[in-house]
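A.B. asks: Numbering (this note's numbering), first residue to last: 92 to 554.
First, the structure itself, so that you have it in front of you.
Next comes the structure, spelled out in structure tokens:
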């Protein structure tokens, strides 16, 4: 087919993908000077009849639904528009791979990766559900993962807005094997269809294959009738029994038997305590080091997994005070999560002053608003770069961690995360070289955004 040279104000620079309803293009915003993704729908598929009106309504809902939300794990929508024969949505262009491509290469992910991905997904869904929006088509192909391991939920085009009445056609929207029983049966649906789909995703990553496989008809039968084998009971490389009750609850046939919210699902997973040798980013296959030179133009380009021991260091970097780096990590962690430590330390190797470090770190933030917020947050900490190299022989941290600080921090973290707090505090205490770094390490255990900011504030307050 012939592709347009421009949609609205956006010059088209490439094709990302094509489906039955339309094409996803890579384009450029000439005003903001940034790449964008343009998702289109062909108007000839949208007639004047009831079905066509519903399709257009769903497409407009994508811009409305996502426009109401701001979350680091949800792809933001910039604009809805129509141009000649095409309706389109302009959204953030995400450099990364779909989770479906990652799973095609590594069907059975390391446990640490699974927990990181699920934590981000469920936090994003919780945000959406609190805004009265549910996705209704959660699946690996609708989840993007950046080179830093950040998950982004895309395609809210079939989201349902509580305040709107959509036509009956929307009740059948979803992907076989990920659709909840009530979607197949044409019953009323709510946010718990996303809980079900997230449970299917979790099971697939744990076991290495989806629980309800086969043709669309076979998948439907299995969703309605079969109970998948528990992850701890599979023949090859069984998972810990910890996950059995969680996936069973998430994939319950009756909505009322599932987790009542994505937040409760997330809290259940947060209780998992990983073995110490697994709880490091070096074991990940979802993160990859930033390549030297220009970024790939292909948002789905494969990236190289980190090999063991290659990614991060706890050695102070020459010329930088560890407390300064810890403050920068703390400011960045609210936006990108635990990977903040890796990003800051990598950037510090090529920076000689704080403005230069901040500029390099800002490259990892996806919007001007986030960059401005990070800069303001960093300035509020009073962070200063060292003008002379740090003397490695001087003590830099453990003296700041008094018994009172550790005890208070344990109480604060317990209130936020539950009994696992004691283990997390011990690990952070062993690694931290300063009070600020101690807080930064503890804050990594909360979701990026307001939850992490509240935890940081509480830890600093000691209450």
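Beta carbons: idealized from backbone N, C-alpha and C, even for Gly.
It should be emphasised that the depicted structure is a prediction, and the values quoted were computed from it without experimental measurement.
(1) Give the range of the beta strand (DSSP E) segment to which residue 447 is assigned.
(2) With DSSP as the reference, identify every bridge partner of residue 130, one or two as the case may be.
(3) What distance in whole Å lies between the Cβ atoms of residue 332 and residue 323, which are believed to be in contact at a cut-off of 8 Å?
(4) I'd like to confirm the pairing. Which residues does DSSP put opposite residue 97 in its beta bridges?
(5) Run through the DSSP bridge pairs and tell me what residue 244 is partnered with.
(6) So residue 189 is in the beta strand (DSSP E); what residue range does that whole segment cover?
(7) Suppose you measure from the CA of residue 187 to the CA of residue 506; what does that come to, to the nearest Å?
(8) In this structure, what does DSSP give as the bridge partners for residue 172?
(9) Note down, one range per segment and in chain order, each alpha helix (DSSP H) of at least 4 residues found wholly within the segment 307-355.
(10) Looking at C-alpha atoms only, which residue of 449, 541, 522 is the closest neighbour of residue 426?
(11) Nearest-angstrom Cα distance between residue 262 and residue 280?
(12) Does the structure place the segment 193-212 close enough to the segment 269-279 that three or more beta carbon pairs sit under 8 Å?
(13) Is it the case that the Cβ atoms of residue 352 and residue 217 are separated by a distance below 8 Å?
(14) Our contact map puts residue 421 next to residue 527 with C-beta atoms below 8 Å; I'd like the distance itself, whole angstroms only.
(15) Quick one: give me the first and last residue of the alpha helix (DSSP H) that residue 293 is part of.
(16) Would residue 130 and residue 180 be called neighbours here (beta carbons separated by less than 8 Å)?
(17) Do you know how far the Cα of residue 282 is from the Cα of residue 320?
(18) Going by alpha carbons, who is nearest to residue 415 out of 512, 524, 457, 123?
(19) Taking the alpha carbon of residue 301 as the point to measure from, which residue in 286, 519, 237, 268 has its own alpha carbon closest?
(20) Can you pull the DSSP bridge partners for residue 125?
(21) Go ahead and pull the three-state DSSP assignment for residue 457.
(22) What is the DSSP secondary structure of residue 530, reduced to helix, strand or coil?
(23) Taking residue 350 and residue 286 to be in contact with their CB atoms under 8 Å, please state how far apart those CB atoms are, rounded to whole angstroms.
(24) DSSP puts residue 513 in a beta bridge; with which residues?
(25) On a CA-only basis, which of 342, 518, 330 is nearest residue 318? Give me that one, please.
(26) Which term fits residue 543, buried or exposed, when burial requires 16 or more other beta carbons within 10 angstroms of its beta carbon?
(27) Apart from the five residues just before and just after residue 546, which ones in its own chain have a Cβ nearer than 6 Å to its Cβ?
(28) Excluding five sequence neighbours on each side, which residues of the same chain lie with their C-beta closer than 6 Å to the C-beta of residue 296?
(29) Spatial neighbours of residue 431 within its chain, please: CB distance less than 6 Å, with the 5 preceding and 5 following residues excluded, ordered by chain position.
(30) Taking the alpha helix (DSSP H) that residue 220 belongs to, which residues open and close that run?
(31) What does the alpha-carbon distance come out to for the pair residue 519 and residue 510?
(32) When you compare each of 363, 468, 552 to residue 203 by their alpha carbons, which one comes out closest?
(33) So, helix, strand or coil for residue 273, using DSSP?
(34) My understanding is that residue 198 touches residue 113, with C-beta atoms under 8 Å, so please give their C-beta distance in whole angstroms.
(35) Which residues bound the alpha helix (DSSP H) around residue 437?
C.D. replies: Working from what's here:
(1) For the purposes of this step, residue 447 is identified with residue 356 of the chain shown, where counting begins at 1. No beta strand (DSSP E) contains residue 447, which is instead part of the alpha helix (DSSP H) from 445-453.
(2) In the chain shown, the residue the question calls residue 130 occupies position 39. Residue 130 is bridged to 115, 180.
(3) Mapped onto the chain shown, residue 323 falls at position 232. Mapped onto the chain shown, residue 332 falls at position 241. At roughly 4 Å, the Cβ-Cβ gap stays under 8 Å, so residue 323 and residue 332 are in contact.
(4) The sequence position of residue 97 within the chain shown is 6, counting from 1. 102.
(5) Your numbering for residue 244 matches position 153 in the chain shown. In DSSP, residue 244 forms a bridge with 165, 234.
(6) On the chain shown, position 98 is the one that residue 189 refers to. It spans 187-189 - the beta strand (DSSP E) in which residue 189 sits, taken as one unbroken run.
(7) Indexing the chain shown from 1 puts residue 187 at position 96. Indexing the chain shown from 1 puts residue 506 at position 415. Approximately 35 Å, taken between the alpha carbons.
(8) The sequence position of residue 172 within the chain shown is 81, counting from 1. Its beta-bridge partners are 179.
(9) 307-316, 333-341
(10) Looking up residue 426 in the chain shown gives position 335. That would be 541, whose Cα lies nearest to the Cα of residue 426.
(11) In the chain shown, residue 262 corresponds to position 171, counting from 1. In the chain shown, residue 280 corresponds to position 189, counting from 1. The predicted model places residue 262 with a pLDDT of 45, which falls under 50 and marks its position as unreliable; any figure quoted below should be read in that light. Roughly 8 Å between the two C-alpha positions.
(12) Not touching, per the Cβ criterion.
(13) Position 261 of the chain shown holds residue 352. Position 126 of the chain shown holds residue 217. Yes, Cβ-Cβ distance for residue 352 and residue 217 is below 8 Å.
(14) Working through the chain shown from its first residue, we reach residue 421 at position 330. Working through the chain shown from its first residue, we reach residue 527 at position 436. With a Cβ gap of about 6 Å, residue 421 and residue 527 count as contacting.
(15) To locate residue 293, count along the chain shown from 1; it is residue 202. 283-298 is the extent of the alpha helix (DSSP H) around residue 293.
(16) Here residue 130 corresponds to residue number 39 of the chain shown, with the count starting at 1. Here residue 180 corresponds to residue number 89 of the chain shown, with the count starting at 1. It is a contact, given that the beta carbons lie within the stated cut-off.
(17) Within the chain shown, numbered from 1, the residue matching residue 320 stands at position 229. Within the chain shown, numbered from 1, the residue matching residue 282 stands at position 191. Using only the alpha carbons, I get a separation of about 25 Å.
(18) Start at 1 with the first residue of the chain shown, and residue 415 comes out as number 324. A check of alpha carbon separations from residue 415 across 512, 524, 457, 123 identifies 524 as the nearest.
(19) What you label residue 301 is simply residue 210 of the chain shown in a count that begins at 1. Here the closest residue by C-alpha is 268.
(20) Here residue 125 corresponds to residue number 34 of the chain shown, with the count starting at 1. Per DSSP, 120.
(21) Indexing the chain shown from 1 puts residue 457 at position 366. Residue state, collapsed to three classes: coil.
(22) Translated into the one-based positions of the chain shown, residue 530 becomes position 439. Correct three-state label for residue 530: helix.
(23) Mapped onto the chain shown, residue 350 falls at position 259. Mapped onto the chain shown, residue 286 falls at position 195. Rounded, the Cβ-Cβ distance is 5 Å, consistent with contact.
(24) For this step, residue 513 is matched to residue 422 along the chain shown. Residue 513 is not bridged to any residue.
(25) Here residue 318 is taken as the residue at index 227 of the chain shown, counted from 1. The residue with the shortest Cα to Cα distance from residue 318 is 342.
(26) Walking along the chain shown from the start, residue 543 turns up at place 452. Its Cβ being crowded by 16 or more others within 10 Å, residue 543 is buried.
(27) Reading the chain shown from its first residue, position 455 is the one you call residue 546. Cβ within range, chain order: 507, 534, 537.
(28) To locate residue 296, count along the chain shown from 1; it is residue 205. For residue 296, where only same-chain residues beyond five positions count, the Cβ hits under 6 Å are 200, 205.
(29) As a position in the chain shown, residue 431 is number 340, starting the count at 1. Here the set comprises 420, 423, 424.
(30) Taking the first residue of the chain shown as 1, we reach residue 220 at position 129. For residue 220, the enclosing alpha helix (DSSP H) covers residues 202-221.
(31) Counting from 1 along the chain shown, the entry for residue 519 is found at position 428. Counting from 1 along the chain shown, the entry for residue 510 is found at position 419. Those two C-alpha atoms are separated by around 15 Å.
(32) The residue labelled residue 203 in the question sits at position 112 within the chain shown. Out of 363, 468, 552, 363 has the C-alpha closest to the C-alpha of residue 203.
(33) Position 182 of the chain shown holds residue 273. If DSSP states are grouped into helix, strand and coil, residue 273 belongs with the helices.
(34) Locating residue 198 in the chain shown gives position 107, where the first residue counts as 1. Locating residue 113 in the chain shown gives position 22, where the first residue counts as 1. Not quite, the Cβ-Cβ distance comes to about 30 Å (not below 8 Å), so this is no contact.
(35) Within the chain shown, numbered from 1, the residue matching residue 437 stands at position 346. Element bounds for residue 437: 431-439.
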